[in-house]
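S.K.:
There are 2 protein chains.
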Amino acid sequence: MPRRPTSADVAREAGVSRATVSYVLNDTPHQSIPEVTRTRVRDAAARLGYAPSVAARVLRRGRSDVVLALLPDWPIGPSVGTMLTELSAALAADGLTLVAHPYDRAGRPAADIAGALGPACVVVLDALAEEQADALEAAGIALVQGLLSGPGDVERRVGRAQVEHLLERGAARLAYAWPADVRVTGFARERLAGVRAAAEEAGTGGVDVREVALDPAAAATAVAAWTSGRVGVCAYNDEVALAVLAGLRVHGARVPAGALVVGVDDVPAAALAVPALSTVAVDLGALAGHLADAVAAALGATRTGPTAAGELVRVVARATS
Amino acid sequence: MPRRPTSADVAREAGVSRATVSYVLNDTPHQSIPEVTRTRVRDAAARLGYAPSVAARVLRRGRSDVVLALLPDWPIGPSVGTMLTELSAALAADGLTLVAHPYDRAGRPAADIAGALGPACVVVLDALAEEQADALEAAGIALVQGLLSGPGDVERRVGRAQVEHLLERGAARLAYAWPADVRVTGFARERLAGVRAAAEEAGTGGVDVREVALDPAAAATAVAAWTSGRVGVCAYNDEVALAVLAGLRVHGARVPAGALVVGVDDVPAAALAVPALSTVAVDLGALAGHLADAVAAALGATRTGPTAAGELVRVVARATS
DNA sequence: CTGTTAGCGCTTTCAC
DNA sequence: GTGAAAGCGCTAACAG
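Chain order of the listed sequences is A and B. Start counting the first sequence at 1; every next residue gets the next number (our numbering). Start counting the second sequence at 1; every next residue gets the next number (our numbering).
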């Protein structure tokens with residue numbers, strides 16, 4: 001098996017020096033190389049199937065163009081997927097390549113997997129233990145901690161949006177359907193904080209918080225107190241909301257007459273539920289834009305791509321509210 | 001800002017040579033270095049916050065330990081997420097680090113993004129254009145094309161499992177709910193092929209294929225012919241199945257008395273639907289194991305981790321069948 | 001305008 | 001047992 005061609009091979013093939021090859025292939029500015037030479041070099045490269053070595057380039061330049069997203073522990077749904085796609089596109093505009101590392105149940109520390117990759121920056125969706133953050137810093141890797149403490153308090157806004165919508169629709173009192181999955185506790189706490197803040201401002205009474213498991217029977221028990229009286233239920237996300245709906249149905253409760261329900265995420269199943277689920281959708285593109293800004297800032301650069309403005313959070317009103 | 005410490009710094013700090021540092025930090029075998037020296041080196045490294053440079057290591061060793069998963073065009077749900085986590089764990093056992101690149105709507109070619117990363121191997125979930133595959137090969141990057149042509153024809157087995165289950169439950173004739181999203185056509189084709197093959201073997205008549213959009217009203221139109229007669233509906237996935245259910249409900253059809261429905265994926269919403277959706281679950285762990293085997297083979301290594309045996313595909317019978 | 005050259009930080013023979 | 005030194009493939013000063 002013939003070893004991969006190097007820039008020296010290309011130089012030999014084209015009858016120029018390695019430097020010229022580098023200049024031509026990188027379109028280095030302020031370098032006046034005649035078009036014929038350029039063509040010769042490019043042809044030679046193509047003929048040999050030359051691909052530059054990332055390792056060598058990174059070593060030489062002293063910086064990588066890779067951004068690593070560390071995915072959280074919890075099951076990633078379509079929202080996270082979409083957000084990553086958007087973020088990838090935003091970063092690509094700045095010449096950065098985004099890759100994601102799925103949560104490692106083996107518990108490989110963040111610094112470890114960053115160490116195997118050598119990214120310029122690490123983006124975490126939830127939050128990183130302090131010692132992990134320090135390890136990254138020591139390795140000269142920028143760190144962006146997202147969402148939770150992130151741009152504009154997205155998670156709290158989500159909670160506020162649920163409450164505002166519910167009250168607008170005539171909810172008499174407020175309840176919160178807390179997720180059974182302990183891995184999302186951090187997010188649930190923020191969203192609930194948003195709910196409580198909005199409830200307080202509106203002068204509503206306290207919020208009745210109950211844990212709702214993703215199982216119709218268990219959910220039925222949990223929602224027993226919400227079957228009537230126009231209680232406005234804020235669910236942690238659409239799945240929990242679907243469970244609330246299933247539970248309410250067991251009791252024969254009427255939605256939205258007796259209880260109103262609103263989820264978060266706008267997963268495909270929300271529109272297909274019966275009755276169709278109202279939900280809070282996050283503008284993933286805008287969120288990704290903010291994250292891209294944070295990455296650029298951490299890297300000491302400025303974004304070239306546009307930063308999306310507008311509301312981050314939007315209520316999709318359907319039949320359950 | 002002080003520049004990152006190098007192995008030379010550690011050597012100086014510990015009063016040894018760079019070679020010794022390398023030996024100690026890498027636990028190089030067949031090297032008899034006294035424990036005191038080892039401790040001294042490790043302490044020095046810790047004190048300086050030394051982290052080796054991936055780029056330099058990769059350059060020197062001539063191979064990377066990174067495996068890049070190229071995610072498909074379509075919205076990735078929890079199944080893909082779980083599979084990646086499993087695959088990551090399986091590869092980690094072989095000292096490999098998995099990262100994923102989200103689909104880039106900017107259409108950056110696979111070879112491009114691989115070129116920015118320098119992975120040892122690329123795994124694609126769907127399939128790669130031939131010229132892209134060639135470009136990877138030229139760069140000396142191994143390629144594993146997954147799922148579609150992959151291990152044990154998973155997609156076809158999914159279709160077969162749907163049919164077998166439906167017939168067992170007394171379906172009189174078969175129908176297929178085809179997805180409206182063109183991006184998943186490749187997968188839909190395979191699954192439908194499995195359905196047709198199983199139907200033929202069972203001597204059932206032809207399969208009534210209809211495209212079902214993810215919208216109750218549109219779905220209602222599509223499923224008009226399936227409202228009675230114990231038609232067994234194989235849906236492309238759980239979301240399409242949910243749409244079928246929504247459509248059937250518009251017609252007031254009884255499930256499973258008039259029509260039986262089975263989805264694919266076992267998303268959380270499936271268990272919470274009313275009636276609860278029957279579905280085909282793929283053993284993501286086993287699938288990841290197969291993929292890990294393929295990666296190891298492509299890299300000329302042999303897996304150390306165990307290869308999960310057992311059925312790849314399993315029917316989760318709930319209320320709709 | 002193009003070529004020569006000096007490293008980037010690391011691993012790994014080979015000599016002491 | 002430990003160290004000196006060569007070089008992986010590339011880029012960017014600096015000569016020519």
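Just so you know, even glycine gets a beta-carbon here, dropped at the ideal spot from N, CA and C. All of these numbers come straight from a predicted model, not from anything done at the bench.
Can you tell me where the beta strand (DSSP E) with A/V261 in it begins and where it stops?
M.R.: In the first sequence, counting from the first residue as 1, residue 261 of chain A sits at position 261. Residues A259 to V264.
S.K.: Taking the continuous beta strand (DSSP E) assigned at B/S278, which residues delimit it?
M.R.: Here residue 278 of chain B is taken as the residue at index 278 of the second sequence, counted from 1. Segment S278 to V282, the beta strand (DSSP E) holding B/S278.
S.K.: Going along the chain, which residues of its own chain have a beta-carbon closer than 7 Å to the beta-carbon of A/G95, five neighbours each way excluded?
M.R.: Sequence index remark: in the first sequence, residue 95 of chain A carries index 95 (1-based). Within the same chain, A/G95 has close Cβ partners D65.
S.K.: Starting from B/V58, find everything on chain A with Cβ-Cβ shorter than 7 Å and list it in chain order.
M.R.: Locating residue 58 of chain B in the second sequence gives position 58, counting from the first residue. By Cβ distance, chain A contributes A55.
S.K.: Anything in chain B within Cβ reach of A/R108, meaning under 8 Å, just list it in chain order.
M.R.: The residue given as residue 108 of chain A occupies position 108 in the first sequence. Residues of chain B passing the Cβ test: A92.
S.K.: Report the option in A/A198, A/F187 and A/R249 whose CA atom is closest to the CA atom of A/D215.
M.R.: By 1-based counting over the first sequence, the position of residue 215 of chain A is 215. With distances taken between Cα atoms, A/D215 lies closest to A/R249.
S.K.: Under 8 Å, CB to CB, which of the residues in the region 239 to 256 of chain A have a partner in chain B?
M.R.: Residues E239, L242, A243, L245, A246 and R249.
S.K.: Can you check whether the C-beta of A/T97 is within less than 8 Å of a C-beta belonging to chain B?
M.R.: For the purposes of this step, residue 97 of chain A is taken as the residue at position 97 of the first sequence. Yes, A/T97 lies at the interface with chain B (some Cβ there is under 8 Å from its Cβ).
S.K.: Looking at chain A, is there any beta carbon in it that lies within less than 8 Å of the beta carbon of B/A11?
M.R.: Numbered from its first residue, the second sequence carries residue 11 of chain B at position 11. So, not an interface residue.
S.K.: Using the Cα positions of A/R38 and B/R157, report the straight-line distance between them to the nearest angstrom.
M.R.: Stepping through the first sequence from its first residue, residue 38 of chain A is reached at position 38. Stepping through the second sequence from its first residue, residue 157 of chain B is reached at position 157. Computed Cα separation, rounded: 53 Å.
S.K.: Does the beta carbon of A/H30 come closer than 8 Å to any beta carbon on chain B?
M.R.: In the first sequence, the residue the question calls residue 30 of chain A occupies position 30. For A/H30, the answer is no, since every Cβ of chain B falls outside 8 Å of its Cβ.
S.K.: In three-state DSSP terms, what is B/T97?
M.R.: The residue you call residue 97 of chain B lines up with position 97 of the second sequence. Strand at B/T97.
S.K.: For chain A, is any of its Cβ atoms less than 8 Å away from the one on B/L214?
M.R.: Taking the second sequence and counting its residues from 1, the one referred to as residue 214 of chain B is at position 214. Cβ-Cβ to chain A under 8 Å: yes for B/L214.
S.K.: Between which two residues does the alpha helix (DSSP H) holding B/Y23 run?
M.R.: Counting from 1 along the second sequence, the entry for residue 23 of chain B is found at position 23. Taken as a continuous stretch (DSSP letters only), the alpha helix (DSSP H) holding B/Y23 covers R18 to N26.
S.K.: Grab me the residues of B/R196's own chain with a C-beta within less than 8 Å of its C-beta, minus the 5 sequence neighbours each way, in chain order.
M.R.: Numbered from its first residue, the second sequence carries residue 196 of chain B at position 196. Within the same chain, B/R196 has close Cβ partners G159 and V207.
S.K.: Should the region 41 to 61 of chain A be called in touch with the region 24 to 33 of chain A, which here means at least 3 C-beta pairs below 8 Å?
M.R.: They touch, by the three-pair rule.
S.K.: As a quick exercise: from B/E130, B/A93, B/T97 and B/D126, pick the residue whose alpha carbon is nearest that of B/A111.
M.R.: Reading the second sequence from its first residue, position 111 is the one you call residue 111 of chain B. Taking only the C-alpha atoms, the option nearest B/A111 is B/E130.
S.K.: Run through chain B and tell me which residues come within less than 7 Å of A/T37, C-beta to C-beta.
M.R.: What you label residue 37 of chain A is simply residue 37 of the first sequence in a count that begins at 1. Those do not exist, as A/T37 stays about 23 Å from chain B at its closest Cβ, beyond 7 Å.
S.K.: Taking the alpha helix (DSSP H) that A/A202 falls in, what are its first and last residues?
M.R.: Your numbering for residue 202 of chain A matches position 202 in the first sequence. Element bounds for A/A202: T185 to A202.
S.K.: Quick one: complete alpha helix (DSSP H) runs, 4+ long, within the region 114 to 165 of chain A?
M.R.: With a minimum length of 4 residues, the continuous alpha helix (DSSP H) runs that stay inside the region 114 to 165 of chain A are 130 to 138.
S.K.: Return no unless some Cβ of chain B is closer than 8 Å to the Cβ of A/S22.
M.R.: Counting from 1 along the first sequence, the entry for residue 22 of chain A is found at position 22. Cβ-Cβ to chain B under 8 Å: no for A/S22.
S.K.: Provide the residue(s) that pair with B/L174 in DSSP beta bridges, ordered along the chain.
M.R.: As a position in the second sequence, residue 174 of chain B is number 174, starting the count at 1. Paired residues: B/V207 and B/G232.
S.K.: Taking 8 Å as the threshold (beta carbon to beta carbon), is B/A142 in contact with chain A?
M.R.: Position 142 of the second sequence, counting from 1, holds the residue named residue 142 of chain B. It does not: the Cβ of B/A142 has no partner Cβ on chain A nearer than 8 Å.
S.K.: Could you tell me the alpha carbon to alpha carbon distance between A/V264 and B/V313, rounded to whole angstroms?
M.R.: Locating residue 264 of chain A in the first sequence gives position 264, counting from the first residue. Locating residue 313 of chain B in the second sequence gives position 313, counting from the first residue. Taking the straight line joining both Cα atoms gives about 31 Å.
S.K.: Specify whether the region 188 to 205 of chain B and the region 245 to 261 of chain B touch according to this definition: at least 3 beta carbon pairs, one from each stretch, less than 8 Å apart.
M.R.: Output reads no: the region 245 to 261 of chain B does not touch the region 188 to 205 of chain B.
S.K.: List the residues of chain A that B/S17 touches, going by C-beta distances under 7 Å, in chain order.
M.R.: The residue labelled residue 17 of chain B in the question sits at position 17 within the second sequence. What B/S17 touches in chain A: nothing, since even the nearest Cβ is about 21 Å away.
S.K.: Grouping DSSP H, G and I as helix and E and B as strand, with all else coil, what is B/A55?
M.R.: Locating residue 55 of chain B in the second sequence gives position 55, where the first residue counts as 1. DSSP places B/A55 in helix when its eight states are reduced to three.
S.K.: Which runs of the alpha helix (DSSP H) at least 4 residues long sit entirely within the region 35 to 90 of chain A? Give them in chain order.
M.R.: Entirely contained in the region 35 to 90 of chain A, the alpha helix (DSSP H) runs reaching 4 residues are, in chain order, 35 to 48 and 54 to 61.
S.K.: Can we say the region 65 to 85 of chain B touches the region 75 to 87 of chain A, given the rule of at least three CB pairs closer than 8 Å?
M.R.: Yes, the region 65 to 85 of chain B is in contact with the region 75 to 87 of chain A.
S.K.: Mind checking if A/G118 is an interface residue toward chain B, Cβ cutoff 8 Å exclusive?
M.R.: Looking up residue 118 of chain A in the first sequence gives position 118. Closer than 8 Å: yes.
S.K.: If you drop the 5 nearest sequence neighbours on each side, which residues of the same chain put their C-beta closer than 7 Å to that of B/G170?
M.R.: If you number the second sequence from 1, residue 170 of chain B lands on position 170. R230.
S.K.: Can you say whether B/D43 is buried or exposed, counting buried as having 16 or more other CB atoms within 10 angstroms of its CB?
M.R.: Taking the second sequence and counting its residues from 1, one reaches residue 43 of chain B at position 43. The residue is exposed, with fewer than 16 neighbouring Cβ atoms inside 10 Å.
S.K.: B/D293: which of B/A19, B/L91, B/E137 and B/G62 sits nearest, CA to CA?
M.R.: As a working mapping, residue 293 of chain B is identified with position 293 in the second sequence. Measuring from the Cα of B/D293, the nearest candidate turns out to be B/L91.
S.K.: Between the Cα of B/W178 and those of B/R191, B/T227, B/R12 and B/A172, spot the shortest distance and give me the residue it belongs to.
M.R.: Residue mapping note: residue 178 of chain B aligns to position 178 of the second sequence, counting from 1. Nearest of B/R191, B/T227, B/R12 and B/A172 to B/W178, Cα basis: B/R191.
S.K.: Kindly list the residues whose CB is nearer than 6 Å to the CB of B/V315, restricted to its own chain and excluding five residues on each side of it in sequence; keep chain order.
M.R.: Along the second sequence, one-based indexing puts residue 315 of chain B at 315. Result list for B/V315: A161, H165 and V280, in chain order.
S.K.: Using a Cβ-Cβ cut-off of less than 9 Å, give me the residues of the region 174 to 205 of chain A that come near chain B, in sequence order.
M.R.: Those would be none; no residue qualifies.
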